[in-house]
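S.K.: So the numbering used here is basically just the index in the sequence shown, starting at one, shifted up by 481.
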Amino acid sequence: MKLLFKGGKVVSGKGTKKMDILVKGEKILAVGENLDFKDADVIDVRGKLLFPGFIDAHTHMALEVSNTVTADKFDTGTKAELAGGTTCIIDYATQYRGENLREALNNWHQKADGESSCDYAFHLALTDWNENISRELEEIVNEETCSFKLYMTYDTMVDDETMYEILSRLKELGGIAGVHCENDGIIRARLKELQKMKGSRIDVSDYPWTRPKEAEAEAVSRLLRIAKCVDTPVVVVHLSTAAGYREILRAREAGQKVYVETCPQYLLMDESKYMLPFEEARHYMIAPPLRKKKNQEILWQALKEGRIHTIATDHCSFTKEQKMAGAKDFSRTPCGMPGAEERPALIWQFGVNEKRITVEQMCQYLSENPAKLYKLYPEKGALLPGSDADIVVWDPEEEWTMTAESQQSACDYCPMEGTKIRGRAQQVYLRGRLAALNGQILEEKTGVYVRHGVK
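1) Return helix, strand or coil for Q921, following the three-state DSSP convention.
2) In terms of residue numbering, what span does the beta strand (DSSP E) encompassing V512 cover?
3) For a minimum of 3 consecutive residues, which ranges assigned as the beta strand (DSSP E) are wholly contained in the region 663-719?
4) What does M818 pair with, by DSSP beta-bridge criteria?
5) When DSSP labels each residue in this structure, what does I647 get in the three-state scheme?
6) I want to know whether the region 780-787 touches the region 650-663 - three or more CB-CB distances under 8 Å.
7) Just verifying my parser: in three-state terms, what is the DSSP assignment at D869?
8) Using 8 Å as the threshold, is the C-beta distance between C844 and G494 below it?
9) Let me make sure I understand the geometry here. Which of F759, L503 and V512 has the alpha-carbon closest to that of T801?
10) Count the other C-beta atoms from every protein chain shown that fall within 10 angstroms of the C-beta of A445, then say buried if there are 16 or more, exposed otherwise.
11) Please give me, in chain order, every unbroken run of the beta strand (DSSP E) with length at least 3 that falls completely inside the region 615-647.
12) List the endpoints of the continuous beta strand (DSSP E) containing V935.
13) Considering only C-alpha positions, which residue in the set E617, M633 and R763 is nearest to F811?
14) So the candidates are S547, F486 and L757; which of them puts its Cα closest to the Cα of K975?
15) Can you say whether C892 is buried or exposed, counting buried as having 16 or more other CB atoms within 10 angstroms of its CB?
16) Taking just the CA atoms, how far does A768 sit from V472?
17) Quick check on the burial criterion: 16 or more other C-beta atoms within 10 angstroms. Buried or exposed for E642?
18) Which class does R578 belong to by DSSP, given the choice of helix, strand or coil?
19) Report buried or exposed for Q676, applying the criterion of at least 16 other Cβ atoms within 10 angstroms of its Cβ.
20) By the three-class DSSP mapping on this structure, what secondary structure does K804 have?
21) Only counting runs of 3 or more residues, tell me where the beta strand (DSSP E) segments fall wholly within the region 828-896, in order along the chain.
22) Excluding the 5 residues preceding and the 5 following V523 in the sequence, name in chain order all residues of the same chain whose CB lies nearer than 6 Å to its CB.
23) Identify the continuous beta strand (DSSP E) that holds K490 and give its terminal residues.
24) So, using beta-carbon positions, are M818 and S798 closer together than 8 Å?
25) Would you say M644 and I683 are within 8 Å of each other, going by their C-beta atoms?
26) Run through the region 541-567 for me and flag every whole beta strand (DSSP E) of 3 or more residues, listed as ranges in chain order.
27) Quick check on DSSP: helix, strand or coil for H790?
28) Kindly identify the DSSP beta-bridge partner or partners of Q908.
29) Decide yes or no for the touch test of the region 882-892 against the region 848-861: beta carbon pairs closer than 8 Å, at least 3 of them.
30) I need the straight-line Cα distance from E835 to A700, nearest angstrom please.
31) I'd like to know if the region 596-615 and the region 573-588 are in contact, where contact means that at least 3 CB-CB pairs between them fall below 8 Å.
32) With contact counted as at least three CB pairs below 8 Å, one residue from each stretch, are the region 507-523 and the region 548-564 in contact?
33) Give the DSSP-derived three-state secondary structure of R527 in the structure shown.
34) If we count Cβ pairs, one from each stretch, closer than 8 Å, do we get three or more for the region 868-887 versus the region 731-742?
35) For F811, which beta-bridge partners are listed by DSSP?
36) Assuming A917 and V909 make a contact with CB atoms under 8 Å, what is their CB distance in whole Å?
Shown next as structure tokens:
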């Protein structure tokens, strides 16, 4: 069966041009002007933009954390992604202490296989490092994933020596690490200090004080100095502060290659959310926390200048009830918020519509760049002959309101509830099949696992 998308404008990082797309089966067969095939079903997309399916390169589905499990498993979380226009996610599989890497990946396959409604790949978070893991890493990098996660805080953190060794090994093998940059010592010390000063950790308005901008900036600086010693590029994930960004600019001026990811929450929300009533303020507890508003325009300017590479969600959802855990101690509240379905619409509304970035940049940050960075390109992240027929038909004029009630996520609140949007993913094609229409899922659990190793 062939599909011919007629009359739309095809978007890439290089430009937007009126072209037709011919799809056969799961692949794009041809892209060009005034295509005409008698045996193809014609899809009229006049007045619409055609994006390559969006890629969310930072998700946490079915994650066990803080004595609970995220509200969104792979079934509901990927339906939310698909409804918004995302056709592939890269979720964080985690190697728990004592596990080898194959065991860690198998654990995540058990969670995802047969459940995902969009295509999925994995990063692998490394927590336990020894000679056996170092040897095993070669097979994983070659065959499964080129990308790994390191934490500088939490129980899963690695110390500086281990980070140096892992980065060195990844350099040998052609892999790359994304790093959660917060200084663990500062966070732990301030949590203790707050308990001493106030006798409790109930007031959520104190939360950002325990994870200050300096904690991010110091960790970014330390990571980049270690990476410089190794002479390898790294990815700073979910950048939230101007202070952290300045450390990145300093390293780049010295000749380092540093990739940067940020998220809609750091572009659109600020720490005033923690002043809301107790029950609602908890919904916005994420790590790193929301920052002062002045950081937002610095990050938007970095996007405008092409100095940030990807916009991901860090989708890590918990229900209102789950967020009430630790009611007498906010440090026991699970950190994370939903964002899977909202990301493309928010970047369109507040980025493209408000002229902070161009439509071509939106394509780069949500699709093209993550595909290139994580070795999915050009099968993903492009509308080219031979690419997967992951196509988002974007209506730039449709007006709608963002609500939790209308979304696919299992989470029972929307951080941007009531936001008015002009523009949405009208039709979402996953490998040539119409999978979502106006936010409604037409085909469930048809996602496939995507290997993105270096070979």
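Just so it is clear, CB atoms sit at the ideal spot from N, CA and C, and this is done for glycine as well. Please read these numbers as outputs of a predicted model, since none were measured by experiment.
M.R.: In this structure, then:
1) On the sequence shown, position 440 is the one that residue 921 refers to. Looking at Q921 - three-state DSSP - the assignment turns out to be strand.
2) What you label residue 512 is simply residue 31 of the sequence shown in a count that begins at 1. Segment K508 to G513, the beta strand (DSSP E) holding V512.
3) 715-717
4) Locating residue 818 in the sequence shown gives position 337, counting from the first residue. Note: M818 sits in a beta bridge opposite H796.
5) Walking along the sequence shown from the start, residue 647 turns up at place 166. Helix at I647.
6) no
7) Position 388 of the sequence shown, counted from the start, is the residue given in the question as residue 869. Reduced to three states, the DSSP call for D869 is strand.
8) Against the sequence shown, residue 844 aligns to sequence position 363. Against the sequence shown, residue 494 aligns to sequence position 13. Yes, the pair counts as a contact, with Cβ atoms nearer than the cut-off.
9) Locating residue 801 in the sequence shown gives position 320, where the first residue counts as 1. Sequence check: residue 801 is Lys here, not Thr. Among F759, L503 and V512, the Cα nearest to that of K801 is on F759.
10) An answer regarding residue 445 cannot be provided, because it is not within the stretch 482 to 936 covered by the chain.
11) 628-632
12) For this step, residue 935 is matched to residue 454 along the sequence shown. Note, V935: premise wrong, no beta strand (DSSP E); not H, not E.
13) The residue given as residue 811 occupies position 330 in the sequence shown. Closest by alpha carbon: R763.
14) One cannot answer for residue 975 here, as it falls past the ends of the chain, which runs 482 to 936.
15) Against the sequence shown, residue 892 aligns to sequence position 411. So C892 ends up on the buried side.
16) The requested residue 472 is not part of the displayed model; the chain covers only 482 to 936.
17) In the sequence shown, counting from the first residue as 1, residue 642 sits at position 161. Counting Cβ neighbours within 10 Å, E642 comes out exposed, since fewer than 16 surround it.
18) Indexing the sequence shown from 1 puts residue 578 at position 97. Looking at R578 - three-state DSSP - the assignment turns out to be coil, as it is neither helix nor strand.
19) Along the sequence shown, one-based indexing puts residue 676 at 195. The residue in question, Q676, is exposed, as its Cβ has fewer than 16 Cβ neighbours within 10 Å.
20) Against the sequence shown, residue 804 aligns to sequence position 323. DSSP places K804 in helix when its eight states are reduced to three.
21) 872-882
22) Indexing the sequence shown from 1 puts residue 523 at position 42. Cβ neighbours of V523 beyond the five flanking positions: L485 and K487.
23) Sequence index remark: in the sequence shown, residue 490 carries index 9 (1-based). Segment K490 to S493, the beta strand (DSSP E) holding K490.
24) The residue labelled residue 818 in the question sits at position 337 within the sequence shown. The residue labelled residue 798 in the question sits at position 317 within the sequence shown. Going by C-beta atoms, M818 is nearer than 8 Å to S798.
25) Taking the first residue of the sequence shown as position 1, residue 644 is located at position 163. Taking the first residue of the sequence shown as position 1, residue 683 is located at position 202. Not a contact, by the Cβ cut-off of 8 Å.
26) none
27) To locate residue 790, count along the sequence shown from 1; it is residue 309. Reduced to three states, the DSSP call for H790 is coil.
28) Counting from one through the sequence shown, the residue named residue 908 turns up at place 427. DSSP lists V874 and L918 as partners of Q908.
29) no
30) Translated into positions along the sequence shown, residue 835 becomes position 354. Translated into positions along the sequence shown, residue 700 becomes position 219. Whole-angstrom Cα-Cα distance: 33 Å.
31) yes
32) no
33) Looking up residue 527 in the sequence shown gives position 46. Residue state, collapsed to three classes: coil.
34) no
35) Sequence index remark: in the sequence shown, residue 811 carries index 330 (1-based). Bridge partners of F811: none, in fact.
36) Your numbering for residue 917 matches position 436 in the sequence shown. Your numbering for residue 909 matches position 428 in the sequence shown. Confirmed, about 4 Å.
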